[in-house]
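Note that the protein sequences, when read in sequence, are chains A and B.
Counting in my numbering, the first sequence tops out at residue 522, every number present.
Counting in my numbering, the second sequence tops out at residue 522, every number present.
Where a beta carbon is used, it is the ideal one built from N, C-alpha and C, also for glycine.
There are 2 protein chains.
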Amino acid sequence: MQTINQKRFLHWMDEQAKIGGTDAGGLNRPALSEADLAARDWFHHLIDEHGFAYHMDGAGSQFARLPSQNPDAKTLLIGSHLDSVPDGGRFDGALGVLAAFEAAVTLKEAGVQLPFHLEVVNFTDEEGTLAGLLGSRALAGTLSREELQHPRGGRARLEAGMARLGIDDNSILDARRNPDDLLGYIEVHIEQGTRLESSKTAIGVVTSIVGIRSCWLTFTGEAAHAGTISMQGRKDAFQGAALFARQARQHVIDNFSPGVVNVGQVEMAPGAFNIVPQTARIAVEFRHGDADIFDDMEAALLEIAQESADACNLTLTIKKVDAIPPAPMTPAFVQAVEDAADTLDLSHTRLLSFAGHDAQSLAAVTNSVMYFVPSQDGISHNPHEYTAPQDCINGANVMLHSVRQMAE
Amino acid sequence: MQTINQKRFLHWMDEQAKIGGTDAGGLNRPALSEADLAARDWFHHLIDEHGFAYHMDGAGSQFARLPSQNPDAKTLLIGSHLDSVPDGGRFDGALGVLAAFEAAVTLKEAGVQLPFHLEVVNFTDEEGTLAGLLGSRALAGTLSREELQHPRGGRARLEAGMARLGIDDNSILDARRNPDDLLGYIEVHIEQGTRLESSKTAIGVVTSIVGIRSCWLTFTGEAAHAGTISMQGRKDAFQGAALFARQARQHVIDNFSPGVVNVGQVEMAPGAFNIVPQTARIAVEFRHGDADIFDDMEAALLEIAQESADACNLTLTIKKVDAIPPAPMTPAFVQAVEDAADTLDLSHTRLLSFAGHDAQSLAAVTNSVMYFVPSQDGISHNPHEYTAPQDCINGANVMLHSVRQMAE
Numbered sequence: 115m116q117t118i119n120q121k122r123f124l125h126w127m128d129e130q131a132k133i134g135g136t137d138a139g140g141l142n143r144p145a146l147s148e149a150d151l152a153a154r155d156w157f158h159h160l161i162d163e164h165g166f167a168y169h170m171d172g173a174g175s176q177f178a179r180l181p182s183q184n185p186d187a188k189t190l191l192i193g194s195h196l197d198s199v200p201d202g203g204r205f206d207g208a209l210g211v212l213a214a215f216e217a218a219v220t221l222k223e224a225g226v227q228l229p230f231h232l233e234v235v236n237f238t239d240e241e242g243t244l245a246g247l248l249g250s251r252a253l254a255g256t257l258s259r260e261e262l263q264h265p266r267g268g269r270a271r272l273e274a275g276m277a278r279l280g281i282d283d284n285s286i287l288d289a290r291r292n293p294d295d296l297l298g299y300i301e302v303h304i305e306q307g308t309r310l311e312s313s314k315t316a317i318g319v320v321t322s323i324v325g326i327r328s329c330w331l332t333f334t335g336e337a338a339h340a341g342t343i344s345m346q347g348r349k350d351a352f353q354g355a356a357l358f359a360r361q362a363r364q365h366v367i368d369n370f371s372p373g374v375v376n377v378g379q380v381e382m383a384p385g386a387f388n389i390v391p392q393t394a395r396i397a398v399e400f401r402h403g404d405a406d407i408f409d410d411m412e413a414a415l416l417e418i419a420q421e422s423a424d425a426c427n428l429t430l431t432i433k434k435v436d437a438i439p440p441a442p443m444t445p446a447f448v449q450a451v452e453d454a455a456d457t458l459d460l461s462h463t464r465l466l467s468f469a470g471h472d473a474q475s476l477a478a479v480t481n482s483v484m485y486f487v488p489s490q491d492g493i494s495h496n497p498h499e500y501t502a503p504q505d506c507i508n509g510a511n512v513m514l515h516s517v518r519q520m521a522e
Numbered sequence: 115m116q117t118i119n120q121k122r123f124l125h126w127m128d129e130q131a132k133i134g135g136t137d138a139g140g141l142n143r144p145a146l147s148e149a150d151l152a153a154r155d156w157f158h159h160l161i162d163e164h165g166f167a168y169h170m171d172g173a174g175s176q177f178a179r180l181p182s183q184n185p186d187a188k189t190l191l192i193g194s195h196l197d198s199v200p201d202g203g204r205f206d207g208a209l210g211v212l213a214a215f216e217a218a219v220t221l222k223e224a225g226v227q228l229p230f231h232l233e234v235v236n237f238t239d240e241e242g243t244l245a246g247l248l249g250s251r252a253l254a255g256t257l258s259r260e261e262l263q264h265p266r267g268g269r270a271r272l273e274a275g276m277a278r279l280g281i282d283d284n285s286i287l288d289a290r291r292n293p294d295d296l297l298g299y300i301e302v303h304i305e306q307g308t309r310l311e312s313s314k315t316a317i318g319v320v321t322s323i324v325g326i327r328s329c330w331l332t333f334t335g336e337a338a339h340a341g342t343i344s345m346q347g348r349k350d351a352f353q354g355a356a357l358f359a360r361q362a363r364q365h366v367i368d369n370f371s372p373g374v375v376n377v378g379q380v381e382m383a384p385g386a387f388n389i390v391p392q393t394a395r396i397a398v399e400f401r402h403g404d405a406d407i408f409d410d411m412e413a414a415l416l417e418i419a420q421e422s423a424d425a426c427n428l429t430l431t432i433k434k435v436d437a438i439p440p441a442p443m444t445p446a447f448v449q450a451v452e453d454a455a456d457t458l459d460l461s462h463t464r465l466l467s468f469a470g471h472d473a474q475s476l477a478a479v480t481n482s483v484m485y486f487v488p489s490q491d492g493i494s495h496n497p498h499e500y501t502a503p504q505d506c507i508n509g510a511n512v513m514l515h516s517v518r519q520m521a522e
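(1) Starting from the C-beta of R395 (chain B), find all residues in its chain whose C-beta is less than 6 Å away, skip the five residues before and the five after it, and write them out in chain order.
(2) So the beta strand (DSSP E) D436 (chain B) belongs to, where does it begin and stop?
(3) When you compare the CB positions of V479 (chain B) and T444 (chain B), do they come within less than 9 Å of one another, or not?
(4) Starting from Q379 (chain B) and walking both ways along the alpha helix (DSSP H), at which residues does that stretch end?
(5) In the DSSP assignment, find the unbroken alpha helix (DSSP H) run with C329 (chain B) in it and report its ends.
(6) Identify the contact partners of I343 (chain B) in chain A, using a Cβ-Cβ distance below 7 Å as the criterion.
(7) Just to confirm, are V234 (chain A) and I161 (chain A) a CB contact at a threshold of 9 Å?
(8) Scan the stretch 158–236 of chain A and note each continuous beta strand (DSSP E) run of 3 residues or more that stays entirely inside, going in chain order.
(9) What are the complete alpha helix (DSSP H) segments, minimum 4 residues, inside the stretch 278–356 of chain B?
(10) Please report the residue range of the alpha helix (DSSP H) in which L466 (chain A) lies.
(11) Output the distance between the C-alpha atoms of V451 (chain B) and D436 (chain B), rounded to the nearest integer angstrom.
(12) Along chain B, which residues have their Cβ under 8 Å away from the Cβ of N427 (chain A)?
(13) Shorter than 9 Å from the beta carbon of D424 (chain A) to some beta carbon of chain B?
(14) Report the residues of the stretch 182–193 of chain B with a CB closer than 9 Å to any CB of chain A, ordered along the chain.
(15) Please classify I507 (chain B): does DSSP put it in a helix, a strand, or coil?
(16) Using a cut-off of 7 Å between C-beta atoms, extract the partners of V324 (chain A) located in chain B.
(17) Do G341 (chain A) and I118 (chain B) have their C-beta atoms within less than 9 Å of each other?
(18) Could you tell me which of B:V302, B:A208 and B:R266 sits nearest to G134 (chain B), measuring between CA atoms?
(19) Please name the residue, chosen from B:L141, B:S175, B:N142 and B:L460, that lies closest to F157 (chain B) on a Cα-to-Cα basis.
(20) Alpha carbon to alpha carbon, how far is N376 (chain B) from F400 (chain B)? Give it in angstroms, no decimals.
(21) Rounded to whole angstroms, what's the CA-CA distance from M411 (chain A) to V199 (chain A)? Just pull it up for me.
(22) How far does the alpha helix (DSSP H) with I407 (chain B) in it extend, from its first residue to its last?
(23) Should the stretch 344–355 of chain A be regarded as contacting the stretch 463–474 of chain A, the criterion being three or more beta carbon pairs within less than 8 Å?
(24) Going by C-alpha to C-alpha distance, which of A:R271, A:S328, A:F447 and A:Q449 sits closest to K434 (chain A)?
(25) Would you verify that the beta carbon of D201 (chain A) is, or is not, closer than 9 Å to some beta carbon of chain B?
(26) Please go through the same chain and pick out, in chain order, the residues whose beta-carbon is closer than 6 Å to the beta-carbon of T463 (chain A), but skip the five residues on each side of it.
(27) CB V517 (chain B) to CB L190 (chain B), shorter than 9 Å?
(28) Going by beta-carbon coordinates alone, are T243 (chain A) and P144 (chain A) separated by less than 9 Å?
(29) Tell me which residues of the stretch 392–405 of chain B have at least one Cβ-Cβ distance to chain A shorter than 7 Å, keeping chain order.
(30) Quick check for students: name the residue ranges of the alpha helix (DSSP H) that lie wholly in the stretch 440–494 of chain A, counting only runs of 4 or more.
(31) Alpha carbon to alpha carbon, how far is N292 (chain A) from D409 (chain A)? Give it in angstroms, no decimals.
(32) Under a Cβ-count criterion, where at least 16 other Cβ atoms within 10 Å of its own Cβ denotes burial, should N508 (chain B) be classed as buried or exposed?
(33) Taking buried to mean at least 16 other C-beta atoms within 10 Å of its own C-beta, is K349 (chain A) buried or exposed?
(34) Near T429 (chain A), which residues of its chain fall below 7 Å by C-beta distance, leaving aside the five closest residues on each side in sequence?
(35) Can you tell me whether DSSP reads R271 (chain B) as helix, strand or coil?
(36) Within its chain, find whatever has a CB closer than 8 Å to the CB of G385 (chain A); leave out the 5 residues flanking it on each side and keep chain order.
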């Protein structure tokens, strides 16, 4: 049975981690920073060294192409991203690019003839220090000129990065590829959670990348002297917020697992020891992988919010903030990854991705799947992020055999 | 049966409300502001007009003295304060000064011989725009030079106020009176709550002014990606804070009524939609009138906090902020007020004062009591604060007969 070259692959993983490496053992390689440019140069050199056709698109994403003998074939993309969050870890993204490249090199060296063009990709700015999923959304054609004017990292930072690489707004928007030319996309990534580790499972095949919705909920009561008003007579805005937080958590666990909900921020007014709070404004975010269930989940959470307000004699106002739809993975691609894991005798399970990934950009326009390998203690976006060598190797071997499955 | 001059008294109440009066019908008469100085001049004139001996002490508190025929007699103080909070109401404090003065004028006009000197007092800065209970604590000798350097309203504001009136730190500290010369203190005030109104009771006799303790409770968990960590695996600091707030409220209602607890402020970190909160720091204040029960209440609340932290896999740290002890009123004085109400055939009940008052300063050194008349809807520190004329009159008549009770 064909397997990747473990030693070569792990060496690459070590080499890339030196570029932007931190004293704590992590990576500081934000998109289009000097460190990221150095990592790109290193990867470009690696591609050339192994005889692949190299190209960079207008969004700065890098591609190593292994052409099919059939010039009219579609293209299967495999890869991830080499950029990191500030002070992040050495596996997030880089594993996906290098596992894909190792699989491609293994196939190339074996002279395997594929019925599709294979391209290994390093997408620009997955992490969002500039715009987020920039390269993959540019390729999918879902990035707008408007957003490039107001990227989450600020326009000045994006402009500086574009200038460093020699790209611009127009080239980014021109990076769109015709979906008809694409066969699909496969990505391996660290889990950033503990489900695989705790169940001692080698591979987690993602069936959907969750949608994310967020809103501000404002509970409003009456400011009052915290001494003179009886406990029963208070319209205490924080009691409503607290009741919501407790009940929302339990309701999601009981009825919407594995969906999640978070209350990440609280703003109180007037905000003094001796004044009963008039308003409590809470930042609520929830995620689910199934679009229909997601709607039910939102309805249930807003009902709990209203009930919590009513129970505490408060009024409730809702201000919706973000709504990113779930990105279901392609069943045939999910099956291909599972078959690959079976071929390698690796345990696997299906799960949701609760974080955003380049695969969600691709899922909007083509067949897509991603799968996870274990993250130790689930630590992520942190210098202590760690995935054991064997798990990295498993990820690369599953990529190799997933591509082979697609070829059959 | 002797009663006060209703018309005269209500006229005074209207007159004082013009000094610093606001368009909304309230008062803006912070301590030692120009409006407060004008109110003082008005009161000084009233005292002179009715033939009382006037004096102002080093803290600026004003006194109208009706001397006993026995020069060695002790002094009974009756009164309250003429200052208001910014944009406050027209009854808070002023009612107590003018009801006391009306009672004194009634006694003086009737030629009643008292076995004690009677002094009607307008205490400086009860409300705390400068230091809080400034005049009453100066008289009791419980104000420190240190605090005058760092008053809650800021040193600059205090200095400006002192300069306006011609007093200084030394004169304030010299305002202390020998407790051996004092018989006690009686104060009438609006309730600032709804207990009298809802029970249709005319007079609420305070058995204790509650103590106030406050602390910051910090619940600490682990910041985490709000998507990738399972609900069960989170160490969500806000869940601990929310659980505490809900349970503390219920526990105080069930076990420490009429004590009260408030969570008035919440500070979260990192504080983002998509990050599980690492820390939730909450401002907790609780009040009770009985020193022993107060200790039990604190222990119970801190136990609930620890249990809440444990239940949510969090750690808890406690930073105590303030601890003002309860000020129990003098039983014989409580009885005198109740006897006065009975004499007038006015319904009365015993209750706690959940707000601070000058009587708590006096209670530290001499016999003290205060009593309340109803506040419409409990509205306080607000232009819409209102107490019906008959309730004001009841307050003045109870003061008159309380003084007579003390004389018997």
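Based on what the coordinates show:
(1) Along the second sequence, one-based indexing puts residue 395 (chain B) at 281. Closer than 6 Å at Cβ, skipping near neighbours: W330, T332 and E381.
(2) By 1-based counting over the second sequence, the position of residue 436 (chain B) is 322. Here the beta strand (DSSP E) through D436 (chain B) covers T429 to I438.
(3) If you number the second sequence from 1, residue 479 (chain B) lands on position 365. If you number the second sequence from 1, residue 444 (chain B) lands on position 330. Note that the C-beta distance between V479 (chain B) and T444 (chain B) is not below 9 Å.
(4) Taking the first residue of the second sequence as position 1, residue 379 (chain B) is located at position 265. It is not in any alpha helix (DSSP H) - Q379 (chain B) instead sits in the beta strand (DSSP E) that spans V374 to A383.
(5) Here residue 329 (chain B) corresponds to residue number 215 of the second sequence, with the count starting at 1. Careful: C329 (chain B) lies outside any alpha helix (DSSP H), inside the beta strand (DSSP E) at G325 to T334.
(6) In the second sequence, counting from the first residue as 1, residue 343 (chain B) sits at position 229. Residues of chain A passing the Cβ test: G307 and G492.
(7) Here residue 234 (chain A) corresponds to residue number 120 of the first sequence, with the count starting at 1. Here residue 161 (chain A) corresponds to residue number 47 of the first sequence, with the count starting at 1. Yes, the Cβ-Cβ distance between V234 (chain A) and I161 (chain A) is below 9 Å.
(8) 167–170, 176–180, 189–194 and 231–236
(9) 283–287 and 309–313
(10) Walking along the first sequence from the start, residue 466 (chain A) turns up at place 352. First-last for L466 (chain A): H462 to S467, but that is the beta strand (DSSP E), not the alpha helix (DSSP H).
(11) One-based indexing of the second sequence puts residue 451 (chain B) at position 337. One-based indexing of the second sequence puts residue 436 (chain B) at position 322. When rounded, the distance between both Cα atoms is 31 Å.
(12) As a working mapping, residue 427 (chain A) is identified with position 313 in the first sequence. Residues of chain B passing the Cβ test: none, with the nearest at roughly 13 Å.
(13) One-based indexing of the first sequence puts residue 424 (chain A) at position 310. Chain B contact via Cβ: absent.
(14) none
(15) Walking along the second sequence from the start, residue 507 (chain B) turns up at place 393. I507 (chain B) falls in the helix class under three-state DSSP.
(16) Taking the first residue of the first sequence as 1, we reach residue 324 (chain A) at position 210. The contacting residues are G341.
(17) Locating residue 341 (chain A) in the first sequence gives position 227, counting from the first residue. Locating residue 118 (chain B) in the second sequence gives position 4, counting from the first residue. No; because the gap between Cβ atoms is not below 9 Å, this pair is not in contact.
(18) Along the second sequence, one-based indexing puts residue 134 (chain B) at 20. Of B:V302, B:A208 and B:R266, the residue nearest in Cα terms is B:A208.
(19) Working through the second sequence from its first residue, we reach residue 157 (chain B) at position 43. When each option's Cα is compared against that of F157 (chain B), the closest is B:S175.
(20) Translated into positions along the second sequence, residue 400 (chain B) becomes position 286. Translated into positions along the second sequence, residue 376 (chain B) becomes position 262. Taking the straight line from one Cα to the other gives about 6 Å.
(21) Taking the first residue of the first sequence as position 1, residue 411 (chain A) is located at position 297. Taking the first residue of the first sequence as position 1, residue 199 (chain A) is located at position 85. Spanning the two alpha carbons is a distance of roughly 30 Å.
(22) The count along the second sequence starts at 1 and reaches residue 407 (chain B) at position 293. If you look at I407 (chain B), you'll find it in the alpha helix (DSSP H) that goes A405 to A425.
(23) Contact between the stretch 344–355 of chain A and the stretch 463–474 of chain A is absent, because fewer than three Cβ pairs lie under 8 Å.
(24) As a first step, residue 434 (chain A) must be located in the first sequence, where it is residue number 320. Considering only alpha carbons, the answer is A:S328.
(25) Counting from one through the first sequence, the residue named residue 201 (chain A) turns up at place 87. No, because no Cβ of chain B sits closer than 9 Å to the Cβ of D201 (chain A).
(26) Mapped onto the first sequence, residue 463 (chain A) falls at position 349. These residues qualify, in order along the chain: T315 and G318.
(27) Within the second sequence, the letter at position 403 stands for residue 517 (chain B). Within the second sequence, the letter at position 76 stands for residue 190 (chain B). It is a contact, given that the beta carbons lie within the stated cut-off.
(28) Translated into positions along the first sequence, residue 243 (chain A) becomes position 129. Translated into positions along the first sequence, residue 144 (chain A) becomes position 30. Contact: yes.
(29) A397, E399 and R401
(30) 445–457 and 472–477
(31) Along the first sequence, one-based indexing puts residue 409 (chain A) at 295. Along the first sequence, one-based indexing puts residue 292 (chain A) at 178. The alpha-carbon atoms of D409 (chain A) and N292 (chain A) are separated by roughly 31 Å.
(32) By one-based count along the second sequence, residue 508 (chain B) stands at place 394. With 16 or more other Cβ atoms within 10 Å, it is buried.
(33) Your numbering for residue 349 (chain A) matches position 235 in the first sequence. Buried, by the Cβ-count rule.
(34) Position 315 of the first sequence, counted from the first residue, corresponds to residue 429 (chain A). Answer for T429 (chain A): T334 and A423, listed in chain order.
(35) As a first step, residue 271 (chain B) must be located in the second sequence, where it is residue number 157. Correct three-state label for R271 (chain B): helix.
(36) On the first sequence, residue 385 (chain A) is found 271 positions in, with the first residue counted as 1. Excluding positions up to five away in sequence, the list reads P391.
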